[in-house]
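Q: First the structure, which I've put down as structure tokens, then a few questions once you've had a look.
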Amino acid sequence: MQPFIYEQYICEEIIQQGTDFAICLKGNEANLLRATEQAFSNSKQENIRIFEKDVEYNHCRIEQRKIEVIDMPWEYLNGHRHIKQLCRITRRREQKNKGNYTEETAYMITSLSSSASAEMLLDLNRKHWSCENNLNWVKDRVFMEDKSTIRKDNAPIVLSLLRSFVISIIATISTKITETREYYSHYKQSVYTLFCNLRL
């Protein structure tokens with residue numbers, strides 16, 4: 001399954017469950033990412049809603065977060081009928097004692113309408129970013145995702161999704177990811193019992 005088709009499928013599934021989504025775009029959703037970037041490039045300044053927030057950590061690091069939000073232009077929908085707003089998030093971090101800084105820009109799509117404020121969307125993005133960082137750490141350190149040599153076709157995407165699925169299953173029964181993974185790798189019958197008892 002191609003990444004952008006998979007993204008559409010996920011959005012459809014979420015909406016059918018009666019809830020909303022706020023999804024950060026990555027490089028493997030290249031078409032949607034390019035369309036979002038283009039939408040912001042073509043937007044008039046008065047149509048962009050902005051919220052900014054400064055956060056200080058331990059009196060030595062300052063992080064500036066800025067979110068820009070626009071309504072999803074109809075000409076960029078291209079099958080993504082549930083996307084209501086597009087977001088561009090800029091994070092700038094400064095080390096006060098060193099005087100240097102880093103800056104990164106990310107994009108997010110959401111089914112939430114304009115009744116969801118820019119401030120609310122920035123908070124959603126921060127929580128998503130924190131959870132994703134934890135997930136990526138587990139996938140890299142415990143499941144050795146970065147060391148995988150599988151590169152053919154969509155296999156890396158499929159395997160990454162399977163790792164995320166396994167991690168989410170383990171998280172429902174234990175906070176000790178490594179120990180739980182090792183236990184079930186040695187007791188295969190317990191895996192069958194686990195899935196029989198889960199309500200997916």
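Taking full-length UniProt numbering, the leading residue of the sequence shown gets 1, the next gets one more, and so forth.
Beta carbons: idealized from backbone N, C-alpha and C, even for Gly.
This one's a predicted model, so the numbers in the text were calculated from it and none came from an experiment.
E179 lies in the alpha helix (DSSP H); which residues open and close that run?
A: Against the sequence shown, residue 179 aligns to sequence position 179. Per DSSP, E179 belongs to the alpha helix (DSSP H) from I177 to H186.
Q: If you run the structure through DSSP and keep just helix, strand and coil, what is K127?
A: Locating residue 127 in the sequence shown gives position 127, counting from the first residue. Correct three-state label for K127: helix.
Q: For A118, count the other beta carbons within 10 Å of its own beta carbon; 16 or more makes it buried, fewer makes it exposed. Which is it?
A: Walking along the sequence shown from the start, residue 118 turns up at place 118. Buried is the call here.
Q: Starting from the N-terminal side, write out each stretch of the alpha helix (DSSP H) that is 4 residues or longer and does not extend beyond the segment 12 to 62.
A: Listed in chain order, the complete alpha helix (DSSP H) runs (minimum 4 residues) inside the segment 12 to 62 are 30 to 41.
Q: Starting from R163, trace the alpha helix (DSSP H) both ways and give me its first and last residue.
A: Walking along the sequence shown from the start, residue 163 turns up at place 163. A155 to A171 is the span of the alpha helix (DSSP H), which, as asked, contains R163.
Q: Is A118 near the ligand GDP, going by C-beta to nearest heavy atom under 7 Å?
A: In terms of ligand content, the structure shown is empty, and the ligand GDP therefore cannot be addressed.
Q: Please state if the CB of I50 and the CB of E94 are separated by a distance shorter than 8 Å.
A: What you label residue 94 is simply residue 94 of the sequence shown in a count that begins at 1. What you label residue 50 is simply residue 50 of the sequence shown in a count that begins at 1. No, they are not a contact pair.
Q: Counting Cβ pairs closer than 8 Å, one from the segment 107 to 116 and one from the segment 18 to 35, do we hit at least three?
A: Yes: the two stretches touch, three or more of their Cβ pairs being nearer than 8 Å.
Q: State the Cα-Cα distance for the pair L122 and K66, rounded to the nearest angstrom.
A: Here residue 122 refers to the residue found at position 122 when the sequence shown is read from its first residue. Here residue 66 refers to the residue found at position 66 when the sequence shown is read from its first residue. One C-alpha to the other measures close to 8 Å.
Q: Assuming contact is defined by CB atoms lying nearer than 8 Å, are K84 and S113 in contact in what I supplied?
A: The residue you call residue 84 lines up with position 84 of the sequence shown. The residue you call residue 113 lines up with position 113 of the sequence shown. Cβ distance < 8 Å, so K84 and S113 count as in contact.
Q: Assign I70 to buried or exposed, taking buried as 16 or more other Cβ atoms, counted over all protein chains shown, within 10 Å of its Cβ.
A: Mapped onto the sequence shown, residue 70 falls at position 70. Buried: at least 16 other Cβ atoms inside 10 Å.
Q: Here's a check: name, in chain order, each residue in its chain whose Cβ is nearer than 8 Å to the Cβ of F165, leaving out the five neighbours to either side.
A: The residue labelled residue 165 in the question sits at position 165 within the sequence shown. So the list is empty, once near-sequence residues are dropped.
Q: Using the DSSP secondary-structure output, state which residues sit across from V69 in a beta bridge.
A: Within the sequence shown, residue 69 is the residue found at index 69, counting from 1. Answer is R49 and C87.
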